Amino acid sequence: MNAHLTEQLVKLFGARSSHFKNGISAWALQFEMIGNLAAGQKVWDLGESKPVLYFNSNATLAEYSDQFGTTVCHRIIPPMTLFWSESSFILGNTCDTKMLCKQAGTIYGISGEQVKQITERFGMGFHMAINLTARDIGNYRKRSTDLCLLKPTDRLQKTLDSNQQILSQISREELAKYLGLSRSSLFRAINTLHDVK
Amino acid sequence: MMSSNVLRQVLMAQFHELHPGLEELMTRFINAFSAPISLAKNHEIIVRDDASTHLYFIIEGCVYELSERDGGPPSIPQAYTSNDFVFNHHRFTTGRPAETRYIVSRPSTVICLDQLTLEEFHKEAHFDELFFVVCQVMLKNTREHFIHLLHQKPLDHYTWLLAHSPELCSSLTRNHMAAYLGISRATFFRILEKL
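Chains as they are written, first to last, in our numbering: chain A, 1 to 197; chain B, 198 to 392.
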């Protein structure tokens, strides 16, 4: 677990990772098990304060935003990845989404306070915070462009290319909302892809 | 002077506490921006394949980001109005030159921090804390647009924009507004008829 976690942390620092080697190792050691999650269990909920950097070891998680009267799954967290509440960990507010476990597994975490302490001790500054934010901005820009430009079949194909398991991770209704489609458009897109194959 | 105050307010809104060292750095950062620059409609502040990292702050006006892919329809991934930062996002998030153009949609006034000055600031201790705040503001905008695209039908999205961002609605042409909402021109005209 530690090697995978360190690998993910190193990616956050990019070219500067060798400079912050000791700090990254200190971070990796401070991650503690949050719990073995069962399907349906929440990692965080709307209105909670969760300034935590999480590492998903082997669960599958889905993040839901609840705005304008609709609940939409907008992000899937696959195993062996870091994740965080943008609203709480990056923007310093309470959570404006909820994160649910879809397939059982174990997650780990380090509190924002511990991150801050190690950051100060090793002189790491806000480089990780900036890189996390840049990553979030990049992801949202890509998703927004896909929503605006891609036809339903292409949206589905692109999503399946990046995550082949998504059809078994969330319901068809959730997938339709994730892709910004109606249920019937999603089924047409699935049939089209099926026919092409 | 007025533009400095506005910029300070935007930055301060994100800070929960500001230690004395950062206060001085923030003052120098704000003062390093240019005097207000008037830009004409259709002026491009970031051109395609641009690798520059000048940081703009809109005092008054509107800038939209235009993406034109080979053969495909144009799209507007983001639009910026008064009190928004404009940055070469593709360069910032991927390290590669801009794939889009940032175009002034109506006569606008901006202040600009030259990329060389920004690079000098990056060498200073604690500047990353201040720059993180700029990144937070940019994330909020990008995230908000995505959430609207995902949650709202185009009609609801446009109605929301009319109520909450009238400056944007009056600054973009109908073609550009359609692209911003992720719909065709014909669909947007049907929405206008309904309203």
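All residues carry an ideal CB built from backbone N, CA and C; glycine is no exception.
These numbers were taken from a predicted model, which means no experiment stands behind them.
Practice task
Rank A:F83, A:G35 and A:N36 by C-alpha distance to the C-alpha of A:L12 and give the top, closest one.
Solution key: A:F83
Practice task
Can you give me the Cβ contacts of B:L358 inside the same chain, cut-off strictly under 7 Å, excluding the 5 residues immediately before and after it?
Solution key: L365 and C366
Handout entry: Strand pairing of A:G109, partner residues [DSSP]
Key = A:E32 and A:Y54
Practice task
Give me the Cα-Cα distance between A:W44 and A:T97, rounded to the nearest whole angstrom.
Solution key: 8 Å
Exercise for the section: On a CA-only basis, which of A:V72, A:L193, A:I137 and A:I130 is nearest A:E173? Give me that one, please. Expected result: A:V72
Exercise for the section: Please confirm if A:Y54 has its CB atom under 7 Å from at least one CB of chain B. Expected result: no
Exercise for the section: Just mark A:E120 as buried or exposed, buried being the case when its beta carbon has 16 or more other beta carbons within 10 Å. Expected result: exposed
Handout entry: Within chain B, the residues that A:A62 reaches when beta carbons sit closer than 8 Å
Key = Per Cβ cutoff of 8 Å: no residues; A:A62 is ~14 Å from chain B at best.
Practice task
Please work out which residues of its chain come closer than 8 Å, Cβ to Cβ, to B:I308, disregarding the five sequence neighbours upstream and downstream, and give them in chain order.
Solution key: S200, L204, F230, S231, A232, P233, I234, Y253, F254 and I256
Practice task
Check the C-beta distance from A:I110 over to A:F187 and give it rounded, since I have them as a contact under 8 Å.
Solution key: That pair is no contact at about 42 Å.
Handout entry: Under 8 Å by beta carbon: chain A residues contacting B:T291
Key = G138
Problem - Contacts that A:T70 makes with chain D (C-beta to C-beta distance below 7 Å) - result: The displayed structure is made up of protein chains A and B, and chain D is not among them.
Exercise for the section: Go through its chain and collect everything with a Cβ distance to A:M80's Cβ below 6 Å, but skip five positions before and after it. Expected result: H4
Practice task
Just list the alpha helix (DSSP H) runs in the stretch 289-346 of chain B, keeping only unbroken ones of 4 residues or longer that don't cross its boundaries, in chain order.
Solution key: 312-319
Exercise for the section: Could you tell me the distance, in whole angstroms, from the CA atom of B:R382 to the CA atom of B:E390? Expected result: 12 Å
Exercise for the section: Reducing DSSP to helix, strand and coil, say where A:K151 ends up. Expected result: coil
Handout entry: Cβ of A:R141 within 7 Å of any chain B Cβ
Key = yes
Problem - Nearest-angstrom Cα separation, counted from B:L336 out to A:A134 - result: 8 Å
Handout entry: Whole-number beta carbon distance between B:L208 and B:V330, since they are thought to touch under 8 Å
Key = 5 Å
Practice task
Just the C-alpha distance for A:K42 and B:L347, rounded to the nearest angstrom, thanks.
Solution key: 22 Å
Exercise for the section: May I ask you to list, following chain order, the residues of the stretch 322-333 of chain B that have a beta carbon less than 7 Å from some beta carbon of chain A? Expected result: D325, E326, F328, F329, C332 and Q333
Practice task
Measure the beta-carbon distance from A:L37 to A:C95 and round it to whole angstroms, keeping in mind my assumption that it falls under 8 Å.
Solution key: Incorrect: roughly 17 Å between the Cβ atoms, too far for contact.
Practice task
At 7 Å on the CB atoms, spell out the chain B contacts of A:I130, in chain order.
Solution key: D325, F328, F329 and C332
Practice task
Step through the CB atoms of chain B and report whether any lies within less than 7 Å of the CB of A:F126.
Solution key: yes
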